[in-house]
Amino acid sequence: MHPFSLSRADDPAKAIAAHAFDPQLAFVAGGTDLIGLMKDRAALPERLLDINGLPNMARIEALPEGGVRIGALARMSDVAADTEVRRRFPVVAEALLFAASGQLRNMASIGGNIMQRTRCAYFRDEIGCRCNKRNRGSGCAAFHGLNRNHAIFGWSESCVATNPSDLAVALAAMDAIVIVQGKTGERLIPFADFHRLPGSTPERDNVLDRGDLIVAIEVPANVEASASHYLKVRDRASYEFALVSTAAAVEMDGRQIRSARLAMGGVAHKPWRLKPGCAEFRWTTSTGSVQRSLHRSPMPAPSPIMRSKSSLRSALPCVHCKPREHAHERCRTTDLTRRRPAQGGRRCTLHGRYFARRRSSCRNRL
Ligand SMILES: Cc1cc2nc3c(=O)[nH]c(=O)nc-3n(C[C@H](O)[C@H](O)[C@H](O)COP(=O)(O)OP(=O)(O)OC[C@H]3O[C@@H](n4cnc5c(N)ncnc54)[C@H](O)[C@@H]3O)c2cc1C
Ligand code: SF4
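Per the numbering used here: the sequence shown = residues 3 to 368.
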């Protein structure tokens, strides 16, 4: 474990100043993501500043006009159980309950949740794989590697990682606002602008700078919110990150849907909000069954990962090529997935890729 010192903050202004002027200092709230990153050597701060003692940052307040203000230090389980959050924004409560495990939700904070880093296995690998997010310019091992959970929208050749937060998807659909205290005072950041696409600087996940402290998240009232839900497809029900997820909210006019809000998770470096500008949804209920038509206007090009995400069959774990792809990436020899039968490879019936029967050259077999 990377050695570090720990101190406790009781004054927001001092905490912000310390973070702004000390590049080796990191805020820690529940520690459920940061400590894991330190164990994996993907984050190596020398000083941790525990912000749990900062005043008024764990409150959950119902706002008079129908919204809610959630303090950044409120615990995921407390927000999910809050009666006003459940009544006004069921999608937020459901997204939280679909996330992590009960024990983690008791510890993890709302601010930490939207700040958590990608679960890309190469980024988190202790031995240090090729990863532009971790070491700029080192390459992206996931691009042709194990990338079943990776981006299909908004990706770049530098990085195809996805944002793992379930809550962020619900907040994006609700057009929440992140309230940040920084060196120059308070800023309100619309949720759609909080996370970044990777572009050529994938090391930056969001728009925060040194000295920025998230103090709260405000979810404004909207007509769709009370009829909102979160759906998540994942490999196991106990706890697992999303393969894909959707936050959906609708305003009904009788049996007709008047307006809708949609955001997707597990598909991009940030929660992927579908707006009328990029997709138009129309539902008709003429025969009693709901029909949906999705008219696509220009959308980003699908990534090489699209095939494995879009088919439920290939979304199932593959006992043949998945472990071999990982072994290949660790030993960094030839691309096993491109081997042809003549070279001793067998075709994976699920993914249509080739893998080698013999891997005698690999020193790191899994
Ligand atoms: C096994 C496991 C499974 C999980 N499954 C899911 C899942 O299915 N869905 C999901 O959404 N999440 C999942 N998570 C992630 C979990 O929800 C996050 O680890 C948690 O929400 C982070 O909150 P924290 O308070 O522990 O953050 P910390 O680990 O304390 O901090 C995380 C980051 O946020 C920064 N930070 C924290 N608070 C602030 C603040 N107020 N202002 C500025 N920066 C701040 C820290 O400096 C750090 O960089 C899982 C985690 C684990 C370990
Ligand atoms: S997808 Fe991003 S995080 Fe994963 S290996 Fe590539 S650069 Fe690193």
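C-beta: ideal position from N, C-alpha, C; glycine also.
Would a C-beta distance cut-off of 8 Å place Arg77 and Arg119 closer than the cut-off?
no
beta-carbon Met40 near ligand 1 non-hydrogen atom, thresh 7 Å
no
Spatial neighbours of Pro47 within its chain, please: C-beta separation below 7 Å, excluding the five flanking residues on both sides.
Phe6, Gln26, Leu27 and Ala28
Quick one: does the C-beta of Val269 sit closer than 7 Å to a heavy atom of ligand 2?
Short note on Val269: C-beta not closer than 7 Å to any heavy atom of ligand 2.
For Arg342, which of helix, strand or coil comes out of DSSP?
With a pLDDT of 47 at Arg342, under the threshold of 50, the predicted position of this residue should be treated as unreliable, though the coordinate-derived value follows. Arg342 falls in the coil class under three-state DSSP.
If you measure from the CB of Gly55, is any heavy atom of ligand 1 nearer than 7 Å?
Incorrect: Gly55 has no Cβ contact closer than 7 Å to ligand 1.
Using three-state DSSP, classify Leu27 as helix, strand or coil.
Strand, per DSSP.
Given a threshold of 16 other Cβ atoms within 10 Å of its Cβ, counted over all protein chains shown, does His197 qualify as buried or as exposed?
buried
Mind reading off the beta-carbon distance from Leu51 to Ala82? Whole number of angstroms is fine, and I expect it under 8 Å.
About 27 Å separates the two Cβ atoms, so there is no contact after all.
Once you ignore the five residues that flank Gly104 on each side, which residues in its own chain have a CB closer than 8 Å to its CB?
Ser79
Chain-ordered residues, beta carbon under 5 Å from a heavy atom of ligand 1
Ala28, Phe29, Val30, Ala31, Gly32, Gly33, Thr34, Asp35, Leu36, Ala74, Ala101, Ala102, Ala110, Ser111, Gly113, Gly114, Asn115, Met117, Gln118, Ser167, Asp168, Leu215, Ile216 and Phe243
May I ask whether a heavy atom of ligand 2 can be found less than 7 Å away from the beta carbon of Pro92?
Of the heavy atoms belonging to ligand 2, none sits nearer than 7 Å to the Cβ of Pro92.
Would the beta-carbon of Lys135 be found less than 7 Å away from any heavy atom of ligand 2?
Yes, ligand 2 has a heavy atom inside 7 Å of this Cβ.
For ligand 2, any of its heavy atoms closer than 7 Å to the Cβ of Ala45?
no
Report yes if the C-beta distance between His4 and Met40 is below 8 Å; otherwise report no.
yes
Residues near Ala97 in its chain [Cβ-Cβ closer than 7 Å; skip 5 each side]
Asp168, Leu169, Val171, Ala172, Tyr232 and Ala249
Candidates Val162, Ala143, Ser158 and Ile216: closest to Asn151 by CA position
Relative to Asn151, the option among Val162, Ala143, Ser158 and Ile216 whose CA is nearest is Val162.
Using a Cβ-Cβ cut-off of 6 Å (strictly less than) and excluding sequence neighbours within five positions of Ala229, which residues of its own chain qualify?
Val252
When Ala44, Pro14, Ile53 and Ala45 are compared against Leu8, the one with the closest alpha-carbon
Ile53
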